[in-house]
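Engineer: Chains as they are written, first to last, in our numbering: chain A, 156 to 490; chain B, 1222 to 1549; chain C, 645 to 937. Can you keep this structure in mind? I'll have questions shortly.
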Amino acid sequence: MSFQYLVRRTGTFLLVIVLAVSVNFLIPRLIPGDPIEDRLTQLSATSSGGASIDIAATAAAYRERFGLDKSLVEQYLNYWWDILHLDFGYSLANYPETVGASISAALPWTLGLVGTSTLIAFVIGSLLGGLLAWPRVPRALRGFIPLLMVISAIPYFLLGIILIYVLVIVARAFPAGGAYTFGSTLRFDLNGIADVLRHATLPAASIILAGIGSWALSMRGMMISVLGEDFIKLAHAKGLKQRRIFLWYGMRNSLLPQLTSLALVLGYVVSGSILVEVIFSYPGIGYKLYQAIQSKDYFVVQGIVLILVVSIGFALYVMDLIYPLIDPRIRYQQA
Amino acid sequence: MTTPVLRVQDLHVHYRTAAGPVKAVNGVSFDLAPGERLGLVGESGSGKTTMALALMRMLEQPARIEGGRVLLDGVDLLALSEEQMRRIRFDRLSMVPQGAMNSLNPVMRIRDQMIEIFNAHGRHPDKAERRERIGHLLERVGLKRDVADRYPHELSGGMKQRVCIAMAIALRPQVIIADEPTSALDVVVQRQVMETLGAVQKDLNAAVILVGHDMGLMAQFADRIGVMYAGRLVELAPVRQIFSAPQHPYTQMLIASIPSLEEKRLFKGIPGVAPSLLNPPSGCPFHPRCPAAFAPCPTINPALEETDAGRWVACHLHSEAVLHDSRA
Amino acid sequence: MATIQTALPRQTARRAFRLRKVNPLLASGMVILLALILFAVGGGLLIDHSYAEVGAFLPRQTPNAERVLGTDSQGRDVLAVLILSTPNTLMIGLVAGIAGIATGTILGLLSGFFGGWVDTVIRTITDVFITIPGIAILIVIATNIRNIDVAVMALIVASLAWRFPARAIRAQTLSLRERGYIQIARLNGVGGLELVVREVLPNLLPYIAASFVSTVSQSILATIGLEALGLGPQNEYTLGMMIYWAQFYGAILRGMWWWWTPPIVVIVLIFVGLLLTSAGLDEFVNTRLRKVK
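Structure (structure tokens):
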């Protein structure tokens, strides 16, 4: 890996962070009106006793946060200072809980659900797409292609709604929402784990189902072009077994570029899963974001957005750095 | 004459298209002796590459073998199951591919690409022995042993083609098909690669079918030359006679179109257009371009006949029967 | 496709839009989209708009002879809401798509054709924005704007719709730039902007068309996503807001399938129609290239 590449890629990653922080800082200030007055009146008007809000303390936190008396540059630098210390301020709806605490309670659920199901969708989808391009596969399988196209065209959360209706309301086979049975405490025994898995099945299924379609389609395209390469011909001439050619020549060469397109869809996966969490009231980042938007809990929204941008940016950064190590073609080009 | 190692009898290959079958190989027959070097020449579209693939049974849709026999040591390859054929590939009948630049799997080391040949044919299960064999093969084609640990992208075009040759001889095959093995290489490297191919062929006493359109290369390499035109073999003769006294008018034009054997080895075109294989001309497919065409040519397609010992030609000018008829 | 070195004469680029043989994918995609537009426009003329207002009818009616798709928890006629929502959602996608493709094409052309520091700056910006999950930025923007209407919504979505077109057009421009006839035009002294407008742009049209369709599709996806989170137009009907209200009032768990099924069906039809259109266009562009090759 060349030094230049490393520098350029690192630069892009840092720019992503700068941009995200700046957008978070600037947009509330660009929009006319006093956000504090606005929100506090809204809050006191809408909160009906349930979550009592300490308006005075919140207002103080607000003032301090925005430091509206200082110059814009100073405010901006202060904002950076806080962010670098992982201080995202307080939640408005659940004061005095900090935004950081609020997010870190939700994060593991999202990582578990979205991470696992994206991985499963990638594996199944890629395998399916590879098979669909393989000439020796029964024709009947190719009938799946239009179906895959339709499924890949459906946004994740709409699939979730359909799954809830069919499997929860009609068939009563799964719990409607949440991450574990309401009212129970989370335990790490067999029953506890089974309960968590049962609750995760439907949200995961909607992410996986919707994901498989697009992975399979792009993998199929990639595989078709790889199968036209000269090295596939030589592999046949060598007398290799079909399975070996499929896996080591076809799949291996198509999968690697497929990993880079993960970069393009990751944003789509994340936004899709935010809404899946909302539909299933799954207590992850997406649902937290939805609740924060509902209750105009602006700092939580900002914090989550920042976390999303930085973590996705970081994941892509790491992937771009690892990729040359696993694909000798790229390694050579950059050497 | 020794028993031929490979006999091709009346081979027909068609491409099935919406407009009808394209007869890419149309009744080709020839014998190949052990250790012999046969050159197959012809313009692009004459069916030579299709035939090379047909011998390996590696044609893809829409191409299909419609008839004929390919006997390797008396066994008809066209009658074997796909699994039986797989075992024969590279073991007894191997090939050096056309596209040297892209014929190796870019994400596998050379060593692994050679090991899998042994594995696929159940040879050299012992690790140390395998290692030794790979090192030996690479040295044989003029490469260093450590090339085995490189990826294809780290090798030059000539090195890649040498690796392909090393692979092709890995299982000591009886027949090697080389389909324009040097087309992607520059002239100096071409020569070296052909010398390497010749050397390993001699060691193994394997027969080689060299497919190409470069008459100069053929003249240097082949023992016998077969000339293909419109999916047919129109002349087959020892290399010296092909060059000194070509019989078929097409062969004559081919030879004439080489300015000088020593200076330039470029094959220049022949006036006229290559025939459509979908609707081939009636009679002899060459007659529309042939300067010597006469009465029977547009109607009767001449068969490949032996004119002298070891010399075969498909042309009415040299056919006993037709000459008799027209004289009478 | 790097293998194609043959010059694409400008006529072929123009011919791309003259359908000689109707591409089945393209045709079926267009039929679906036209049917939807017809449904929305025709329906809008036929129905009484007040049916879509809160309290117009008895709430929670299952579909019946008069209220064909039933009513929601607020007593709105679902069919009427659906008819009024569809054109708004399509409009947001279309406007955002046009704005996105226009900005993206300009950026991509500048970047690909002029190279140098222009390219470096534009490419870096594009790379940075592509890395960012669009929904995150859109959420920040949308939560800060009060009184969102259809036009504002289209602008919000358009603010990120230029990213992928910019990247795609840049790549195509780069490959076009090296082709023979562009080089010749350049040697003939046709300079900068004129060359771009007269020689490069017409040959990019098929790619721009294909890229436009997918940009519209992504914009609709983004707007529906934002709306389903409750960040859409509050006083106008959109398909995403229908989903939002259905979810908000628990229509799914209450089994009120007639409330959320219609918007889902229309959304799926929109996406399938767009997907078929873009697959058809892709095929069209590619077969054309294959022929040239």
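All C-beta atoms in this analysis are idealised placements derived from N, C-alpha and C, irrespective of residue type, glycine included.
Identify every residue that forms a DSSP beta bridge with residue 1238 of chain B.
Structural biologist: Beta-bridge pairing links residue 1238 of chain B to B/1241.
Engineer: Take the Cβ of residue 391 of chain A as the centre, count every other Cβ of all protein chains shown within 10 Å, and call the residue buried at 16 or more, exposed below.
Structural biologist: Its Cβ being crowded by 16 or more others within 10 Å, residue 391 of chain A is buried.
Engineer: Which runs of the beta strand (DSSP E) at least 3 residues long sit entirely within the segment 1279–1352 of chain B? Give them in chain order.
Structural biologist: 1284–1293 and 1314–1317, all fully within the segment 1279–1352 of chain B.
Engineer: Just curious, the alpha helix (DSSP H) that residue 1383 of chain B is in, first and last residue?
Structural biologist: That run of the alpha helix (DSSP H) goes 1378–1389.
Engineer: Within 8 Å, do at least three Cβ pairs link the segment 1458–1476 of chain B to the segment 1523–1533 of chain B?
Structural biologist: As far as the Cβ criterion goes, the segment 1523–1533 of chain B touches the segment 1458–1476 of chain B, which means the pair count is three or higher.
Engineer: Out of A/288, A/405 and A/480, which has the shortest C-alpha to C-alpha gap to residue 386 of chain A?
Structural biologist: Comparing Cα-Cα distances from residue 386 of chain A to each of A/288, A/405 and A/480, the minimum goes to A/405.
Engineer: Report the residues of the segment 373–398 of chain A with a CB closer than 8 Å to any CB of chain B, ordered along the chain.
Structural biologist: Hits within the stretch, in order: 384, 385, 386, 388, 389, 390, 391, 392, 393, 394, 395 and 396.
Engineer: Note down, in chain order, each residue of its chain lying with its Cβ closer than 7 Å to the Cβ of residue 1404 of chain B, except the 5 sequence neighbours on either side.
Structural biologist: Cβ neighbours of residue 1404 of chain B beyond the five flanking positions: 1319.
Engineer: Between which residues of its own chain and residue 172 of chain A is the CB-CB distance below 7 Å, once the five residues before and five after are set aside?
Structural biologist: Only 465 and 468 meet the Cβ criterion.
Engineer: Is there a Cβ of chain A sitting closer than 8 Å to that of residue 891 of chain C, yes or no?
Structural biologist: Chain A contact via Cβ: present.
Engineer: Do you know whose CA, among B/1473, B/1309, B/1254 and B/1255, lies nearest residue 1279 of chain B's CA?
Structural biologist: Residue B/1309 is the option with its Cα nearest to residue 1279 of chain B.
Engineer: Is any beta-carbon of chain C found at less than 8 Å from that of residue 333 of chain A?
Structural biologist: For residue 333 of chain A, the answer is no, since every Cβ of chain C falls outside 8 Å of its Cβ.
Engineer: Name the chain A residues whose beta carbon is nearer than 9 Å to that of residue 778 of chain C?
Structural biologist: The contacting residues are 422, 423 and 426.
Engineer: Here's the rule: buried if 16 or more other CB atoms are within 10 angstroms of the residue's CB, otherwise exposed. What is residue 1223 of chain B?
Structural biologist: Per the 10 Å Cβ criterion, exposed.
Engineer: Do the segment 1227–1238 of chain B and the segment 1350–1368 of chain B meet, that is, are 3 or more Cβ pairs less than 8 Å apart?
Structural biologist: In short, these stretches do not touch, since the Cβ pair count stays below three.
Engineer: By Cβ distance, which residues of its chain are closer than 7 Å to residue 860 of chain C, with the 5 residues on each side in sequence left out?
Structural biologist: For residue 860 of chain C, where only same-chain residues beyond five positions count, the Cβ hits under 7 Å are 737, 738, 741 and 918.
Engineer: Taking residue 426 of chain A and residue 368 of chain A to be in contact with their CB atoms under 8 Å, please state how far apart those CB atoms are, rounded to whole angstroms.
Structural biologist: Not quite, the Cβ-Cβ distance comes to about 17 Å (not below 8 Å), so this is no contact.
Engineer: Would you grab the beta carbon distance between residue 1504 of chain B and residue 1520 of chain B for me? Rounded to a whole angstrom, and I think it's under 8 Å.
Structural biologist: Going by Cβ atoms, the distance from residue 1504 of chain B to residue 1520 of chain B rounds to 5 Å, so yes, they are a contact pair.
Engineer: Is residue 166 of chain A a contact residue of the ligand ATP, with contact defined as CB to any heavy atom under 7 Å?
Structural biologist: Among the components of this structure there are no ligands whatsoever, and the ligand ATP is therefore not found.
Engineer: Strictly by DSSP, which residues pair up with residue 363 of chain A?
Structural biologist: DSSP, once it has assigned bridges, lists no residue as partnering residue 363 of chain A.
Engineer: Quick one: using the 10 Å Cβ neighbour count with 16 as the cut-off for buried, is residue 831 of chain C buried or exposed?
Structural biologist: Exposed: under 16 other Cβ atoms inside 10 Å.
Engineer: In chain A, what lies closer than 7 Å to residue 772 of chain C by C-beta?
Structural biologist: What residue 772 of chain C touches in chain A: 167, 170, 171 and 174.
Engineer: For residue 1281 of chain B, count neighbouring Cβ atoms within 10 angstroms of its own Cβ and tell me buried if that reaches 16, exposed if not.
Structural biologist: By the 10 Å Cβ count, residue 1281 of chain B comes out exposed.
Engineer: Taking the alpha-carbon of residue 770 of chain C as reference, which of C/761, C/751 and C/760 has the nearest alpha-carbon?
Structural biologist: Answer by Cα proximity: C/751.
Engineer: Relative to the alpha-carbon of residue 428 of chain A, which residue among A/260, A/365 and A/166 has its alpha-carbon at the smallest distance?
Structural biologist: Here the closest residue by C-alpha is A/365.
Engineer: Helix, strand or coil for residue 1497 of chain B, going by three-state DSSP, please let me know.
Structural biologist: Note: residue 1497 of chain B maps to coil in three-state DSSP.
Engineer: Closest to residue 721 of chain C by CA distance: which of C/692, C/749 and C/924 is it?
Structural biologist: That would be C/692, whose Cα lies nearest to the Cα of residue 721 of chain C.
Engineer: Is the segment 428–448 of chain A touching the segment 250–264 of chain A, taking contact as three or more C-beta pairs under 8 Å?
Structural biologist: Contact holds: three or more Cβ-Cβ distances are below 8 Å.
Engineer: Skipping 5 residues on each side, what residues in its chain have a beta carbon closer than 7 Å to that of residue 231 of chain A?
Structural biologist: Same-chain partners within the cutoff: 180.
Engineer: Cutting at 7 Å between CB atoms, please list the residues of its own chain near residue 757 of chain C, excluding the five before and the five after it.
Structural biologist: Cβ neighbours of residue 757 of chain C beyond the five flanking positions: 817, 821, 840 and 844.
Engineer: Could you run through the segment 300–318 of chain A and flag, in chain order, every residue whose CB is less than 8 Å away from some CB of chain C?
Structural biologist: Per Cβ criterion, the list reads 304, 305, 307, 308, 309, 310, 312, 313, 316 and 317.
Engineer: If we define contact as Cβ-Cβ less than 8 Å, is residue 164 of chain A a contact residue for chain B?
Structural biologist: No, because no Cβ of chain B sits closer than 8 Å to the Cβ of residue 164 of chain A.
Engineer: If you draw a straight line from the C-alpha of residue 1293 of chain B to the C-alpha of residue 1440 of chain B, how long is it?
Structural biologist: Answer to the nearest angstrom: the Cα atoms are 26 Å apart.
Engineer: Does the beta-carbon of residue 375 of chain A have 16 or more other beta-carbons within 10 angstroms, so that it is buried, or is it exposed?
Structural biologist: So residue 375 of chain A ends up on the buried side.
Engineer: Based on Cα-Cα distance, which residue from B/1475, B/1424 and B/1351 lies nearest to residue 1447 of chain B?
Structural biologist: When only C-alpha atoms are compared, the closest one is B/1475.
Engineer: Quick one: residues in its chain with C-beta nearer than 6 Å to the C-beta of residue 1254 of chain B, no 5 flanking neighbours on either side, listed in chain order?
Structural biologist: Excluding positions up to five away in sequence, the list reads 1223 and 1225.
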